[in-house]
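In this note's numbering, the protein residues as written are 538 to 869.
Built from N, CA and C at the ideal position, the CB exists for glycine as well.
Quick caveat: nothing in here was measured; it's all calculated off a predicted structure.
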Ligand code: SF4
Ligand code: SF4
């Protein structure tokens, strides 16, 4: 049987050792049910997850909750919503206690005197025209001004089918303000006309994403294997979906057999009691799910399956490194 050391030369083995020490245990937290936008295709609002429970208003309850999460073994808090920056005191309850990542639409700037090194991921959907259509305004122009040159910020660029052949313009704009970018694909949860994927589009997009990584290696945080996985939904001949998904909330996960999964992962609602099914939309048909983090995690939890060959294991290492960079566990 292949082992890690038998498959890797010294350089790759050192890279492997660097990530294998990390032991990342993440969970996801809805900081609030409120948002200053209402994007068409927002998984949160389109699945009515915001109606499942109210926000917990008492900041002391948030602080106690985070302490308990820490005791549960969580070492990475991923804050989403709603829009987390509407409630900086809740963000602070996490930031003071745990490595914290905050997803945002970038309209409100996280004050860096209060959160000097918190990782911030800004969403951008397609280009300025797509954003006006899907999000009601061009947030990209606002967020670029807010975060230009910030060393702890990257763009989470959600690519739509309308972007094929055009993504370089967005990547270049991000590079021009000194920020990084990670790409993922729109899942079109609200079935907006013209925004669902066709096979040929996915195949064209994969080539374009590879090209961007080759040409903007200092800006694009990605890996070609990730591009393959996210555009094909296949890994080592297996198909992504409900029976394979690693990002299902543990106490709600009654699947039998259990796939490889994120250890003790939970996605908590903003009442700090309710749990949501998974890292994204509760009502999404898993066969259409393009969630980038779920696909990345799918690779990461399946290390053993990648011991098939040197190339497979190197692919696995690159995806793990990408994840670790995005959440600040290793430098860019
Ligand atoms: S900014 Fe984010 S949370 Fe708010 S509506 Fe848009 S996608 Fe949803
Ligand atoms: S919607 Fe996506 S992330 Fe959620 S359970 Fe289905 S495959 Fe997993």
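For residue 833, the enclosing alpha helix (DSSP H) covers residues 829 to 837. Pairing residue 739 with residue 695 gives a Cβ-Cβ distance that is not under 8 Å.
Residue 826 carries a coil assignment under DSSP once its states are collapsed to helix, strand and coil. In summary, residue 770 is buried, with 16 or more beta-carbon neighbours lying within 10 Å of its beta-carbon over all protein chains present.
Counting only the Cα atoms, residue 658 lies some 18 Å from residue 561. Taking the Cβ atoms as the reference, residue 717 lies roughly 5 Å from residue 758, within the contact range of under 8 Å. Fully enclosed beta strand (DSSP E) runs of no fewer than 3 residues occupy 717 to 722 of the segment 702 to 757, in order along the chain.
In the DSSP assignment, residue 564 falls within the unbroken beta strand (DSSP E) covering 563 to 567. Distances from the CA of residue 835 to each of 863, 848, 779 and 812 were compared; the closest alpha carbon is that of 779.
Following the DSSP letters along the chain, one finds residue 583 inside the alpha helix (DSSP H) bounded by residues 580 to 583. Secondary structure of residue 615 (DSSP, three-state): strand.
In the DSSP assignment, residue 856 falls outside any beta strand (DSSP E) and within the unbroken alpha helix (DSSP H) covering 847 to 863. Residue environment for residue 540: exposed (fewer than 16 other C-beta atoms within 10 angstroms of its C-beta). In this chain, residue 659 is not harboured by any alpha helix (DSSP H); it is covered by the beta strand (DSSP E) spanning 656 to 662. In the three-state reduction of the DSSP assignment, residue 771 falls in the strand class. Closest in C-alpha terms to residue 559, from the list 677, 804 and 636, comes 636. Taking non-hydrogen atoms of ligand 2 into account, the C-beta of residue 639 is found less than 7 Å away from none of them.
The three-state secondary structure of residue 803, taken from DSSP, is coil. Buried is the label assigned to residue 859, since at least 16 other Cβ atoms lie within 10 Å of its Cβ. Ranked by Cα distance from residue 731, the first of 743, 670 and 777 is 670.
Assigned with DSSP and collapsed to three states, residue 762 falls in helix. Annotated as proximal: residue 655 and residue 647, with beta-carbon spacing under 8 Å. Close CB contacts of residue 813 within its chain, under the 7 Å cut and outside five residues either way in sequence, are with 586, 786, 804, 806 and 819 (chain order). Assignment of residue 676 by DSSP, reduced to helix, strand and coil, places it in the helix class. Listed by position along the chain, the residues with Cβ atoms less than 7 Å from a non-hydrogen atom of ligand 2 are 777, 778, 779, 782, 784, 785, 814, 815, 816, 817, 818, 821, 823, 826, 828 and 831. Just measuring C-alpha positions, the residue of 668, 688 and 546 sitting nearest residue 679 is 668.
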